[in-house]
Amino acid sequence: MTAGNISSFAENKDEPTYKYGTYISGSAVRQDVDGIFKQLGDNVDRYICALDMEASAFLMLCTYLHIGCLGVVKGVSDLGDSNRAEHPDTYEDALKKTAHAIQKWSIYHLATVQWKINEDFEAGAHIVKGYYDNFIRVVLDAVDWFTRGQGMMIIMPENDDPHGFAEHGHIARIVKDSDLLEVMVGGGNLARTLYYKAGYLIDFPRVINGLIEGADAVHQTRVFQRALKMKPYFKSTFSSGGPLATVESWQEYEKFLQKNPGPEKFNKETLLL
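The numbering of the sequence shown is the working numbering, which starts it at 124 and goes up by one.
Shown next as structure tokens:
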């Protein structure tokens, strides 16, 4: 923990009797309390408030064994002077205060942590490359978006549950209820079938069916979405100012249908297919 983090924590603490500072750990037993603190304060760090022996050995062992360590938490049970054995309950009291301080620090510190999780090896991220390279990129490369069309929408299932797209019949029902037109983009080996409405090409990614068997299917579907949004066609471009493809939730798709009701009147001249 850096001094800045501890200082900020100390300024917001609810225990005014708690103190913070640096403590030194070494292998030597010191009896000259006043002398050693003055020496360390003058030559090392004027905020040193405690000495110990155990922490240094523990940290050295972690380094030797290549084991990560967040640090050492200790409670002070005596001041290292002639009164160290005067109060028999001092040790228990120190443990309680240490536990309380750790709890407060954890609550404070965790609230400020920005978690960044690497999802590259998740099942949901793994299927993105094939879907993007073999379908989305092929479709968008084949369409003249600079003169025709609004873009491409990838629609996710309701509540991000891949079971909603499990069978072809599920997609067929959605297409019928939504008054979508089935269109083919490209030709030969690069021909791809998807749907069209109000200037948008639309796809319901059945590739996420491969996530159904997992215990965390919904989570992996959301990982799929996040990974897909990182692909080039889902980012803004210099020429157009906006992405050519977007990932839309089921709720956003329903709003889109409300704005564009009724059967689609499709004219091939409006889109180069």
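Even glycine gets a Cβ: it sits at the ideal position worked out from N, Cα and C.
- Taken in chain order, the unbroken stretches of alpha helix (DSSP H) that lie wholly in the segment 224–306 and span 4 residues or more are 246–249, 251–254, 260–265, 291–301.
- If you ignore the 5 residues before and after A217, its C-beta comes within less than 7 Å of the C-beta of G198, V199, S200, all in its own chain and listed in chain order.
- In the structure shown, the three-state DSSP call for E375 is helix.
- With a beta-carbon spacing of about 18 Å, L324 and V251 fall beyond the 8 Å limit used to define contacts.
- Linking Y254 to G191 through their CA atoms gives a straight-line distance of about 38 Å.
- K320 has Y323 as its beta-bridge partners, per DSSP.
- Judged by pairs of C-beta atoms under 8 Å, the segment 254–264 touches the segment 298–316, as three or more such pairs exist.
- Contact between E387 and L334 is ruled out by a C-beta separation of about 30 Å, above the 8 Å threshold.
- Taking C-beta atoms under 8 Å as the contact rule, G292 and L367 fail to qualify, at a distance of about 30 Å.
- In the DSSP assignment, S179 falls within the unbroken alpha helix (DSSP H) covering 177–188.
- Under DSSP, A173 takes part in a beta bridge, and its partners are Y146.
- Separation of R296 and G194 (C-alpha to C-alpha, rounded to the nearest whole angstrom) is 58 Å.
- If you draw a straight line from the Cα of K358 to the Cα of G310, it comes to about 26 Å.
- Listed as beta-bridge partners of R315 by DSSP are V308.
- As a beta-bridge residue in DSSP terms, T369 pairs with M276.
- Apart from the 5 residues on each side of it in sequence, L163 sits with its Cβ closer than 7 Å to the Cβ of I147, I171 in its chain, given in chain order.
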